[in-house]
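Student:
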Amino acid sequence: MGGRLSIGITLRLGMVHPMSILKIVDYRGGVLVMYRGLGILLDPSVYPSLGNRIEYYAFISHAHTDHSRGLSISSFRRYATYETIALCRARGQSVGGVYSLRYGDTVSLPYGVCVEVLNAGHILGSAMFRIETPEATILYTGDFNTVRSFT
844 MGGRLSIGIT LRLGMVHPMS ILKIVDYRGG VLVMYRGLGI LLDPSVYPSL
894 GNRIEYYAFI SHAHTDHSRG LSISSFRRYA TYETIALCRA RGQSVGGVYS
944 LRYGDTVSLP YGVCVEVLNA GHILGSAMFR IETPEATILY TGDFNTVRSF
994 T
């Protein structure tokens, strides 16, 4: 299922206070969550040009090319499941330095932000990311399945 902004993010935007330091924006084919000096890129396709005082982290939901282009951008810390990394490597994509995750892992980031890895059920290795900040919790998925599948 596509439409990550129309399904996942729009519903969450209404929950964020207008004066919040938490911002969620569509960013050139991916999603950017800004919190204090932190930029969490979800399925980015290009390097962000929002200033060098932001500390960026990228999370890749799955190996389909419209979601995994950000694995090749080595300018910031990148995360994906082991299976997503392996599928991208097999296809010839540069994946050096990508941090490997498993379902249930939690990545602790600055400012009390945590990102938990959940199974999206879309393809082998596909993940949803539950981002917890002191202000709100955001659930992001690139794509997902609502029925049981082989992967």
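So in my numbering the end of the sequence shown lands on 994, straight run, no missing numbers. All C-beta atoms, glycine included, are put in the ideal place defined by N, C-alpha and C.
#1: May I have the straight-line CA-CA distance separating Ala906 from Pro977, to the nearest angstrom?
#2: Output the residue ranges of the beta strand (DSSP E) runs that lie fully inside the region 931-992 and measure 3 residues or longer, sorted by chain position.
#3: Determine whether the beta carbon atoms of Ser917 and Gly940 lie at a separation below 8 Å.
#4: Can you give the beta carbon distance from Arg921 to Ile897, rounded, assuming they're within the 8 Å contact cut?
#5: Helix, strand or coil, according to DSSP, for Ile897 in the structure here?
#6: Tell me which residues share the same chain as Arg871 and place their Cβ nearer than 7 Å to its Cβ, disregarding the 5 neighbours each side in the sequence.
#7: Just the Cα atoms here: how many angstroms apart are Leu914 and Ile867?
Tutor: According to the structure shown:
#1: Translated into the one-based positions of the sequence shown, residue 906 becomes position 63. Translated into the one-based positions of the sequence shown, residue 977 becomes position 134. Their Cα atoms are separated by approximately 30 Å.
#2: 942-944, 949-952, 956-962, 970-975 and 980-984
#3: As a working note, residue 917 is residue 74 in the sequence shown. As a working note, residue 940 is residue 97 in the sequence shown. Yes.
#4: Position 78 of the sequence shown, counted from the start, is the residue given in the question as residue 921. Position 54 of the sequence shown, counted from the start, is the residue given in the question as residue 897. Not confirmed; about 15 Å, so no contact.
#5: Within the sequence shown, residue 897 is the residue found at index 54, counting from 1. If DSSP states are grouped into helix, strand and coil, Ile897 belongs with coil.
#6: In the sequence shown, counting from the first residue as 1, residue 871 sits at position 28. So the list reads Ser888 and Val889, once near-sequence residues are dropped.
#7: In the sequence shown, residue 914 corresponds to position 71, counting from 1. In the sequence shown, residue 867 corresponds to position 24, counting from 1. Their backbone Cα atoms lie some 21 Å apart in a straight line.
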